[in-house]
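Put into structure tokens, the structure is as follows:
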């Protein structure tokens, strides 16, 4: 399968712990996006990369959140000192140009 | 930034009924417009898109026309099937080469046999 993959698919953590999610985009897609989706809402933009450069960050991305794409391939999203409000589905998408292809998401539950 | 107003759900229709899901947007740029669909238990999938005014996107019997004058991109299908039951999201891009998407709240569609 050559779609966007995300790991883990589910993560349960306790408040205050750090978590890291990984996204593997479709090969040769130079743009990579992170979104967050809460129950009953549409996805909200968090950040995006063109190759290894992080070009835009949403105000939603507090200083507890950091994203990297070190070699312009896979990306990681880390949340430090998790809070219950961080519970959501975290979606990754990649794009050559134009339409975005979404991964299955990582569902985070903060207890 | 952009904003999207999408028809509130849930929407329940009988099989073979005509479907319209309204979507209007505000944008400072000249966005491309997308409809994404999320089937139960699955990820977001692109349903159709339009990149300039008066373009019509179509896929799987669904259609939507880019109306710049009314800033709308309404989704239509002439005869829905049970398998169309899903959540539908309208999403303009930022424009000016920025592909960041702004999603509506989604419209949950249920088709009953």
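Residue numbers (the working numbering), protein chains in the order written: chain L, 1280 to 1390; chain F, 17 to 129.
No residue lacks a Cβ here, since even glycine has one placed at the ideal position from N, Cα and C.
Bear in mind the structure is a predicted one, so any value in this text is a computation, not a measurement.
Cross-chain neighbours of residue i in chain L, by beta carbon under 7 Å
i, result
"residue 119 of chain F", "1321, 1322"
"residue 63 of chain F", "The contacting residues do not exist; residue 63 of chain F stays about 11 Å from chain L at best."
Listed by chain order, chain F residues near residue i by CB distance under 8 Å
i, result
"residue 1328 of chain L", "Per Cβ cutoff of 8 Å: no residues; residue 1328 of chain L is ~12 Å from chain F at best."
Between the CA atoms of residue j and residue i - distance to the nearest angstrom
i, j, result
"residue 76 of chain F", "residue 1343 of chain L", "42 Å"
"residue 1304 of chain L", "residue 1328 of chain L", "11 Å"
"residue 1284 of chain L", "residue 1302 of chain L", "6 Å"
"residue 65 of chain F", "residue 1320 of chain L", "21 Å"
"residue 1353 of chain L", "residue 50 of chain F", "25 Å"
"residue 35 of chain F", "residue 1293 of chain L", "44 Å"
"residue 86 of chain F", "residue 1311 of chain L", "31 Å"
"residue 43 of chain F", "residue 1337 of chain L", "17 Å"
"residue 89 of chain F", "residue 119 of chain F", "13 Å"
"residue 1316 of chain L", "residue 1351 of chain L", "24 Å"
"residue 1331 of chain L", "residue 29 of chain F", "46 Å"
"residue 1290 of chain L", "residue 1379 of chain L", "24 Å"
"residue 39 of chain F", "residue 24 of chain F", "10 Å"
"residue 1318 of chain L", "residue 122 of chain F", "11 Å"
"residue 98 of chain F", "residue 20 of chain F", "27 Å"
Three-state class that DSSP yields for residue i in the structure shown
i, result
"residue 99 of chain F", "helix"
"residue 90 of chain F", "coil"
"residue 22 of chain F", "strand"
"residue 41 of chain F", "strand"
"residue 1348 of chain L", "coil"
"residue 1339 of chain L", "coil"
"residue 1286 of chain L", "strand"
"residue 46 of chain F", "coil"
Beta strand (DSSP E) segment containing residue i, residue limits
i, result
"residue 1310 of chain L", "1310-1316"
"residue 1358 of chain L", "1354-1358"
"residue 1366 of chain L", "First-last for residue 1366 of chain L: undefined, no H or E at that position."
"residue 1413 of chain L", "Because chain L in this structure spans residues 1280 to 1390, residue 1413 of chain L falls outside the shown range and cannot be described."
"residue 60 of chain F", "60-66"
Listed by chain order, chain L residues near residue i by CB distance under 8 Å
i, result
"residue 111 of chain F", "Going along chain L, no residue has its Cβ under 8 Å from residue 111 of chain F, so there is no contact; the nearest lies around 12 Å."
"residue 122 of chain F", "1319, 1320, 1321"
Output, in sequence order along the chain, the residues in the region 1371-1386 of chain L whose CB is closer than 9 Å to any CB in chain F. 1372, 1374, 1376, 1377, 1378, 1379, 1380, 1381, 1382, 1383, 1384
Using Cβ-Cβ distances below 8 Å, what residues of the region 1299-1313 of chain L are close to chain F? Those would be 1310, 1312, in chain order.
Interface residues of the region 1328-1345 of chain L facing chain F [CB-CB below 8 Å]: 1335
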